[in-house]
Ligand code: RBF
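Residue numbers (the working numbering): 429 to 587.
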């Protein structure tokens with residue numbers, strides 16, 4: 429069976445240097461304890477891949493639904509090469525979960541195609557808070573790290 433790829437355990441020697449690139453990070457404040465752990469993982473990883481601190485521009489948005497507008501703003505107003513979007517939507521009793529997740533997935537795809545730049549989908553969509561903790565520095569790694577690795581790989585691809 430094919431091994432699942434968990435990029436949280438990445439091999440930096442197999443990833444292009446991030447030094448030439450400017451990266452935007454848009455992070456949602458909803459479920460902030462989770463999303464700020466994702467942000468920290470992404471930021472630290474970008475630095476360890478060689479991205480210069482002054483080339484990382486971070487903006488907060490209120491909730492995951494606003495990630496699309498945040499990514500669009502980032503690509504219109506900064507000359508970044510890629511945008512990492514980080515959020516956490518937890519299944520509740522109402523259908524908001526479905527609407528938000530679908531809107532963000534479609535929204536970020538549209539922003540990426542519109543600007544012809546990589547937009548990285550770092551949105552946790554979990555059944556409960558524990559599953560979110562498990563993916564924000566817990567037993568399933570930190571999806572912020574994986575988003576950062578993906579961003580640098582996509583910047584190199586899109587050159
Ligand atoms: N934003 C999140 O990032 N994660 C959530 O789990 C989340 N749940 C929400 C549940 C409800 C009922 C509502 C109204 C909003 C929720 N939001 C959540 C906020 C949403 O992304 C957005 O910020 C607001 O709807 C304002 O546009």
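In this text, a Cβ means the ideal position worked out from N, Cα and C, and glycines have one as well.
In this structure residue 583 does not touch residue 551 by the C-beta definition: roughly 20 angstroms separates them, more than the 8 angstroms allowed. Summarising the contact set, residues whose Cβ lies nearer than 7 angstroms to any heavy atom of ligand 1 are, in chain order, 456, 458, 459, 490, 491, 492, 493, 494, 515, 516, 517, 518, 520, 522, 524, 525, 528.
Contact check for residue 541 against residue 549 fails: the beta carbons are separated by 8 angstroms or more.
CA-to-CA, the gap between residue 569 and residue 507 works out to about 30 angstroms. Of all C-beta pairs linking the segment 565-579 to the segment 525-539, fewer than three are shorter than 8 angstroms, placing the two stretches out of contact. Annotation for residue 513: the continuous beta strand (DSSP E) segment containing it runs 510-518. The secondary-structure analysis by DSSP pairs residue 487 across a beta bridge with 454. The three-state secondary structure of residue 466, taken from DSSP, is helix.
Within 10 angstroms of the beta-carbon of residue 546 lie 16 or more other beta-carbons, which makes it buried. In this structure, residue 571 places its C-beta atom within 8 angstroms of the C-beta atom of residue 466. Taking C-beta atoms as the reference points, residue 520 and residue 479 fail to come closer than 8 angstroms. With contacts defined as CB atoms closer than 8 angstroms, residue 560 and residue 518 qualify as a contacting pair. The alpha-carbon separation between residue 580 and residue 455 amounts to approximately 18 angstroms.
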